[in-house]
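Numbering (the working numbering), first residue to last: 337 to 663.
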């Protein structure tokens with residue numbers, strides 16, 4: 337990989353001088369307070385970075401050095417490197433696809449080969465590939481628990497395309513979100529579309545954690561250290577336990593209804609009740625917001641409204657008054 341020189345202050349001043357005069361001449365050294373060797377070094381750096389280029393017809397019969405627009409210099413300088421990166425990326429994707437094709441052979445295995453109960457995956461691209469493979473092979477059911485705030489619209493669109501393909505194969509799909517997702521317009525649209533196709537979506541105030549279960553045989557959960565990583569769980573007892581936790585939460589959850597529509601306000605009441613409980617436990621605003629999947633600003637707005645409604649002068653008093661009222 338090519339290593340490019342870094343621009344020094346002298347290099348920048350020389351380029352600025354050349355840009356102001358339309359060309360670079362030896363006069364620049366005196367005006368900039370540089371020695372001839374310093375000017376020569378900066379000239380070499382700027383030429384190497386394609387920020388200066390020679391044109392024939394200089395005043396002394398030699399080439400004239402003229403400045404080049406930085407965006408054009410970047411295009412000509414980096415084109416070979418970018419082409420090499422694209423080639424390497426294409427090779428990487430091709431090899432990933434080739435290796436992913438072997439996954440079913442590994443999972444089927446031979447007589448006597450045990451399937452690994454846990455697989456750690458530390459790279460995001462690898463996690464995406466594993467989920468894509470499990471999605472493509474899913475036969476009967478997928479369970480998804482998605483705590484946290486709303487997802488970006490482009491991620492929801494990708495999810496819709498993937499999920500719709502499974503539903504059309506006859507896969508039953510159940511998804512748990514937090515109540516706060518009912519305020520998010522892109523999530524509302526996604527739920528309306530995917531529910532119309534046959535999926536089931538419910539919400540709870542707080543969820544137990546992120547997971548995706550395929551056919552009650554394989555579960556994807558977050559890695560405890562690698563932020564972009566995941567753990568693939570295949571151990572039958574662990575899978576059964578995680579699916580039972582999902583089923584229990586599902587029975588407690590409410591069908592997804594956008595806030596502001598009939599049936600949606602009960603979710604808002606549950607959110608406020610949860611905030612009061614967490615305040616009484618001494619939990620900080622940031623932790624409450626993270627636990628309930630909402631922005632810090634929204635959380636603090638709910639806290640202020642709750643304290644005003646209860647006539648509380650402190651967070652602890654709000655929790656006490658709420659318990660006294662049976663909230």
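A virtual CB, placed ideally from N, CA and C, is assigned to each residue, including glycine.
Note that the coordinates shown come from a computational prediction; the quantities given were computed from them, not determined experimentally.
Query raised in the report: In three-state terms, what does DSSP make of residue 505?
Result: coil
Requested in this report: Just mark residue 347 as buried or exposed, buried being the case when its beta carbon has 16 or more other beta carbons within 10 Å.
Outcome: By the 10 Å Cβ count, residue 347 comes out buried.
**Report entry** C-alpha distance - residue 452 paired with residue 560, whole-angstrom precision
**Finding:** 19 Å
Report task. Out of 362, 623, 489, point me to the one whose CA is closest to residue 401's CA. Result -> 362
Requested in this report: Kindly indicate the opening and closing residues of the alpha helix (DSSP H) around residue 593.
Outcome: Here residue 593 belongs to no alpha helix (DSSP H), and DSSP marks it neither H nor E.
Query raised in the report: Around the Cβ of residue 497, are there at least 16 other Cβ atoms within 10 angstroms (buried) or fewer (exposed)?
Result: exposed
Report task. Could you tell me whether the stretch 453-463 touches the stretch 564-577, where touching means 3 or more Cβ pairs closer than 8 Å? Result -> yes
Query raised in the report: Thinking just about the alpha-carbon of each residue, which of 510, 459, 539 is nearest to the one in residue 593?
Result: Closest in alpha carbon position to residue 593, among 510, 459, 539, is 539.
Report task. Using the Cα positions of residue 614 and residue 639, report the straight-line distance between them to the nearest angstrom. Result -> The straight-line gap from Cα to Cα measures roughly 11 Å.
Query raised in the report: Beta-carbon separation of residue 589 and residue 477 under 9 Å?
Result: Contact annotation: residue 589 and residue 477 have beta-carbon atoms that are not nearer than 9 Å.
Requested in this report: Specify whether the stretch 515-526 and the stretch 456-468 touch according to this definition: at least 3 beta carbon pairs, one from each stretch, less than 8 Å apart.
Outcome: no
Query raised in the report: Cβ atoms of residue 382 and residue 351: under 9 Å apart, would you say?
Result: yes
Requested in this report: Work out the CA separation of residue 439 and residue 500 for me, nearest whole Å.
Outcome: 23 Å
Query raised in the report: Taking just the CA atoms, how far does residue 622 sit from residue 367?
Result: 57 Å
Requested in this report: From the DSSP output, read off the bridge partner residues of residue 547.
Outcome: 481
Query raised in the report: With C-beta atoms as the reference, is residue 408 less than 9 Å away from residue 514?
Result: no
Query - Collapsed DSSP secondary structure at residue 541 in the structure displayed - result: coil
**Report entry** C-beta atoms of residue 406 and residue 388 nearer than 9 Å
**Finding:** no
Query raised in the report: If we ignore side chains and look at the alpha-carbon of each, how far apart do residue 644 and residue 344 end up?
Result: If you take the alpha carbons of residue 644 and residue 344, they lie about 59 Å apart.
**Report entry** Burial state of residue 517 (16 or more Cβ within 10 Å)
**Finding:** buried
Report task. Report the partner residues of residue 511 according to the DSSP bridge assignment. Result -> 480, 537
Query raised in the report: Relative to the C-alpha of residue 435, which residue among 386, 605, 469 is closest?
Result: 469
Query - Spatial distance of residue 547 from residue 417 (CA atoms) - result: 40 Å
Query raised in the report: Roughly how many whole angstroms lie between the Cα atoms of residue 472 and residue 413?
Result: Spanning the two alpha carbons is a distance of roughly 42 Å.
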